Structures are given as C-alpha cells and as structure tokens.
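Protein chains: 2
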Amino acid sequence: MRDVCVIGLGLIGGSVLRAAARAGRTVWGATASTSDAEAAVADGFDASTDVAGALRKAAATDALVVLAVPLTALRSVLTAVAEHAPDCLLTDVTSVKVPVRDSVRATAPSVTFVGGHPMAGSAESGWAASTSGLFDGAAWVLTVESDTDLAAWREVATLALDCGAHVVPLDAEVHDETAARISHLPHLLAAVLASIGAAGGPVAAALAAGSFTDGTRVAGTRPELVRAMTEGNRAALLPVLDEALGALGAARGSLASTGGLAATIDAGHTAARRVAEHRRANRTSRSVRLSASDARQALLAVGDRGGRITAFDGDVALAEVP
Amino acid sequence: MRDVCVIGLGLIGGSVLRAAARAGRTVWGATASTSDAEAAVADGFDASTDVAGALRKAAATDALVVLAVPLTALRSVLTAVAEHAPDCLLTDVTSVKVPVRDSVRATAPSVTFVGGHPMAGSAESGWAASTSGLFDGAAWVLTVESDTDLAAWREVATLALDCGAHVVPLDAEVHDETAARISHLPHLLAAVLASIGAAGGPVAAALAAGSFTDGTRVAGTRPELVRAMTEGNRAALLPVLDEALGALGAARGSLASTGGLAATIDAGHTAARRVAEHRRANRTSRSVRLSASDARQALLAVGDRGGRITAFDGDVALAEVP
C-alpha cells in the first residue's frame, strides 16, 4: 500500500487523511491553514503548514499525493507540486474535473494524474468537521480519459475503496455535466429559495416547515465553497441553468394561461421515482481486466450505466452494474 | 369542550381526529374514501362514508366541523354543509385561505367560519399515514378577518392547541403569499430539480447525494395534492414564481457575463441565516383580550411579527412574540 500525502486538511482532505490512516496507510498532510494543521497535530496526525516539505517527502517515498484544496487555490498548489514532486502520482478531490485536468496538464505536466471527486460532504467545514467515515458507502468518481494510466488509476481507486467508498469511472465532461445537475444547480436553487423565503419576513420564518427546510438546507454551506464549485463549473452549469429557467418559465406560463401545473408536477414526480428506482435497481456483477485493450471503454461503460467498482482482484476490477 | 366532526380522513383529517380524541374530545368523521373510512373504523373511531349524516349529527350537537378534504372537493362538501349543518361552526385545514374563504361565503354563507391551515404534513397520505402527534409543535394558522367572530376563533384555536400546535393569527392574503414562498414554490422547484436530475440518467442517479436528495424530497408527494395546493394558490404564487425566475435569471446572466455567482450565493446564505435567527429568537410574552375593541389588530400584530398563541386564560389569548 502506497503512503498517502494529503495537501489541504479541511473537511474532505482531513477525512481522506483519517480514512487512509484507518485503513492502515502511512499518511501525512500539509495545509495553508495554521488552525487546521494544529488541530490535525493535536489529533495525533503528521501535519504541518509546510506544503513544500510534505511534497518533497512524497517525491522521496513515491507516495500518492491527494490535492484537497479549494479550486481557487489549485493552481498555486500545482505549481508547488511541479517544483517539489514533479513525477508523483497525483489525484484530487475537487468538485469539477475538466478545469482541474486542464490545470494539471498546463502546470504540472509530468505528474501521473487521475482526477477524483468523492460525492460526500456536509454543511460543516474545516479539519474539525472531518471524520474517518465520511466516505463510507459514498460514490467516488475517478476520471478515465484516453491517456489515463490504468495502473495509476488502480492505485487511486484502491485508496478510494480503502476510504470506504465505491468507485465510479467517468470521463471528465460527463462528471461535470452530472455535477451541475445533481449538485451545483441544487445549491443555486437553495440560495434562490432561501432569499425568497426570507423576503417573507418573520411570518415566513414562523410558517416554514418541511419543504422549505429541505429545499434550503445547503444554503447554509459556506458561500466561498459554493462559489468555488459553481463558478468553477461554469461551462457545464450554464446549459443546466438554462434547462431550469426553461422548466420554471414553462410552469409560470402554464399557471398564468391555463391555471394548470400538471406537466411540471407530474414530470417531477415521475422523475423523482425514476431516480429512486435507479438507486434501488438490482445490480449484476461484472469484471474489467485493466490490461485488456478495451479496458478504458469497459470502465466507462460501467460508470455510464450507473455502476461502480467495489474491489480489485489483481488487475481485475470487480464491478456492480444496474 | 365542543365535539369535533371531521370531514375528510386522509393524513391531515385523520390526524385531527386522532389528536382531538387524544385530547379527550368526542370525535367522529366521514369521508368519500371507503378505504379510509374502513381503516378509521378498524382503528376504533366513529367513521363512515355518510358525510350528510356526520354533518347532521354536528348540527344537532353544535359540534365544530373541520373540513379536511382536498381543495378540489371543497365546493361539493360546502354544499353538503349548507344543506345539513347550515349554522355550524366551521373551520378547514386547506393550504390556501383566500379561495376557501370566498367559497364559504358563496356556498355556505350562514356558517360561522374560521379559516385554518396547520403547517404539518409528510410525503405520505391517507388515513394510514395519520398520527395523533402530527401537529405537536407545529404552527397552525387561523385567519383573522374584519368580520371574524372572535368567540368562534377562540373555539377553533383551542382545538388547534388541543392538537399540540401553536396558533398563528394571519389575514388570508398574508397566509397565501407566505405559503407561496415557503411551501408552493419549494414544491415547484423540487419538481423542476427532479426532472433535471433524471435527465442526467443513471449516472446522475448514481452520484446524487445530499443536495439533490434534500432538494427533491417533496417531489415524492402525490402529484394531485401538489397540484391542488399550487394551482389553488395561483394568484399569490404567480408573483413569487416571477421572483424566482428573476433571481435565477440574474444568476444565469451573471455567470455567463462575469463568471461570478457571489450575489446569488451570498444573498441565499444570508437569507438562510436570517430565517434561522427568526426561528431561534427569544420570545417575549404578551396577551390579547379577545373582548377588547382592537383585539383583531392585536392578534394580527402577533402573527405579523412571527409570534404565536400558546394558550388561553378565559378570553385572554397568551402569546409569544419574537
């Protein structure tokens, strides 16, 4: 098992450090945040604010480097990677994948990179919110591109599995469009709904119950994190925002003209049921030999069908596909 | 304590019947649904499908009649009220208040009416989902209008308190605008979000986590219930829908032109915090003597400030106001 060096020790990075340690890995971390570094040390971890030193140690021990910094800090950290660990095996846990891939290619071209995104989180942030179980049962996307080194991919996937997650192989564009649908748009709708509720003043606050509370829960997330993920996924988010405007405008038009909202509400109900059915669907086992010539396509076929990698047997990825 | 006759024995009506019985009231009910009536009888309640008979018994015993039928069935039930219990004390638990008030005035003009709306529910429906504790700790709006009989109002408020709720006095228009903000818009946004998520196919279903699950939870509600409440509140919902379209369109424009979403996200975060602060605010006691000449204004002042009635002492309503 490779050692793991985590740069960025907030909620996600801290949880990777804890989960990898729980799996028996040798781990260390560094962060620009003095308070997160001190809190990690107080919890018994090898952590500091010396990012360069942590990266040099990774280069010396051939460790897997995990970047868990906000998207806005990524380029400066990649510059440090290029300087101190230019040939390392690198992954990230950022919420967009095309911009990160492009940054890595531009800034640290000699690393071996596999883009990642664990679909887990909470409204809390910082090391204090991190837990070793954050990824248990979660989906962890790892990108598969035409130039992906599949031996490196298996190394990163093994870390995700060690952290308790299952692995979803996707290409970066599919990830970003999907994240816009199921994460970035929900955050924007929650913000809009919170503003419209608050405009109703104390009466609205007094009457707000389940539908408003559920619909605005993620509006409590730190705004800089929401900005980083939504603004960072601009290209994929714009057409999804247009879909939402179109659907909401159609509802408005129908309510104004005919008084009816059946199309919107029935479609939403059917859609919610369809998503739930996908999630409950029986899964069949299949396997992908990573040395096969069509391994990349076979991995992407697993992800594109809503499947997941749950283990490795040598160079064979064991998958469950709905 | 007045006896209570509930017409409509679904989630809300059934829960009113159970909660009033829990409070020691004599209760009976009727419903057009044979299965709900049979289930209520099987649970030991006096229930049937004989709406006319239940209303005649209410007229004979001067019981409080609670209409808990969907908005779409209201007019036909009001016709039965006008025929079988034309002078009764009547309330309802429907999600809009202006259209119900207007229907009562048009169809059963000689009843003494106090409009009501308990802010409680679940995605489940029917008698099987009803519980005696559904309203514990919930807000229960009762309308106060220029012609409201405050002795009757107290009778209805006492039932709401008996059911475990606190009472929020509001005029019908304020209720309907607020319900559009904190209930009807959330249901429409959940429907739109569910559709856009489902359009992402099995990949979206595989990756959907907290923000999508929270944001679409109420899309699982029975579509006919969502249609009834949103379409029934058309006049108040249209301007709120326009607010949402304006806010989402501004976000879209800003993302496309400057790449930034700070205005939308920061405003949503601030708004969510403001709503939470309203709900946590310290409350001071005040009282409203229902025989005072300005009692209606004093009750509305409680509701408009996000306050609530928690008890009665004779003809004095005891309130908590933030």
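Heads up: the sequence lines are chains A and B, in that order.
The numbering of the first sequence is full-length UniProt numbering, which starts it at 1 and goes up by one.
The numbering of the second sequence is full-length UniProt numbering, which starts it at 1 and goes up by one.
We treat Cβ as the ideally placed atom computed from N, Cα and C, and that holds for glycine.
Please read all numbers here as calculations on a predicted model, not as lab measurements.
CB contact check: residue i to chain A, cutoff 8 Å
i, result
"T148 (chain B)", "no"
"H84 (chain B)", "no"
"L185 (chain B)", "yes"
"M119 (chain B)", "yes"
"E231 (chain B)", "yes"
"F45 (chain B)", "no"
"I309 (chain B)", "no"
"S130 (chain B)", "no"
"L255 (chain B)", "yes"
"V174 (chain B)", "yes"
"D102 (chain B)", "no"
DSSP three-state assignment for residue i, whether helix, strand or coil
i, result
"P118 (chain B)", "strand"
"G29 (chain A)", "strand"
"P169 (chain A)", "strand"
"D92 (chain A)", "strand"
"F312 (chain A)", "strand"
"T112 (chain A)", "strand"
"R154 (chain B)", "helix"
"F135 (chain B)", "coil"
"K57 (chain B)", "helix"
"R305 (chain B)", "coil"
"C209 (chain A)", "Sequence inspection shows Ala at residue 209 (chain A); the Cys mentioned does not correspond to that position. In the structure shown, A209 (chain A) sits in coil (DSSP, three-state: anything other than H, G, I, E or B)."
"A236 (chain B)", "helix"
"M229 (chain B)", "helix"
"T270 (chain A)", "helix"
"S15 (chain A)", "helix"
Neighbour flag for residue i against chain B, beta carbons, 8 Å
i, result
"I12 (chain A)", "no"
"P169 (chain A)", "no"
"R296 (chain A)", "no"
"D136 (chain A)", "no"
"E243 (chain A)", "yes"
"P99 (chain A)", "no"
"V144 (chain A)", "no"
"T264 (chain A)", "yes"
"L248 (chain A)", "yes"
"D304 (chain A)", "yes"
"V69 (chain A)", "no"
"D92 (chain A)", "no"
"G115 (chain A)", "no"
"I182 (chain A)", "yes"
"R252 (chain A)", "yes"
"G126 (chain A)", "no"
"R283 (chain A)", "no"
Proximal residues to residue i (C-beta, below 8 Å), its chain only, five neighbours per side dropped
i, result
"I12 (chain B)", "A68, V93, P118, A120, G121, S130 and L134"
"A194 (chain A)", "T216 and A219"
"R234 (chain B)", "none"
"D87 (chain A)", "A59, S110, V111 and T112"
"L74 (chain A)", "L67, D92, T94, V100 and S103"
Own chain residues within Cβ distance below 6 Å of residue i, not counting five before or after
i, result
"L299 (chain B)", "V144, P169 and V288"
"L188 (chain B)", "none"
"V218 (chain A)", "H187 and A190"
"E177 (chain B)", "A236"
"A40 (chain A)", "L9, A47 and W127"
"R222 (chain B)", "S125"
"R25 (chain B)", "M1 and V4"
"C163 (chain B)", "A19 and F135"
"A108 (chain B)", "L78, V81 and A82"
"A21 (chain B)", "V27"
Residues bridged to residue i [DSSP beta-bridge criterion]
i, result
"V141 (chain A)", "A:H117 and A:V168"
"T284 (chain A)", "A:V321"
"L67 (chain A)", "A:I7 and A:D92"
"S48 (chain A)", "A:A30"
"R289 (chain B)", "B:V316"
Neighbourhood of residue i by C-beta, 7 Å cutoff - its chain only, sequence neighbours within 5 removed
i, result
"A197 (chain A)", "Position check: residue 197 (chain A) holds Gly in this sequence, whereas Ala was assumed. Taken in chain order, the residues that qualify are A204, A208, F212 and T216."
"R18 (chain B)", "S130, T131 and S132"
"A152 (chain A)", "L89, T112 and V114"
"H278 (chain B)", "G306 and P322"
"A311 (chain B)", "L161 and L318"
"A172 (chain A)", "K97, V98, R101, G115, T143 and E145"
"A251 (chain A)", "L261 and T264"
"A228 (chain A)", "P70, L71 and T72"
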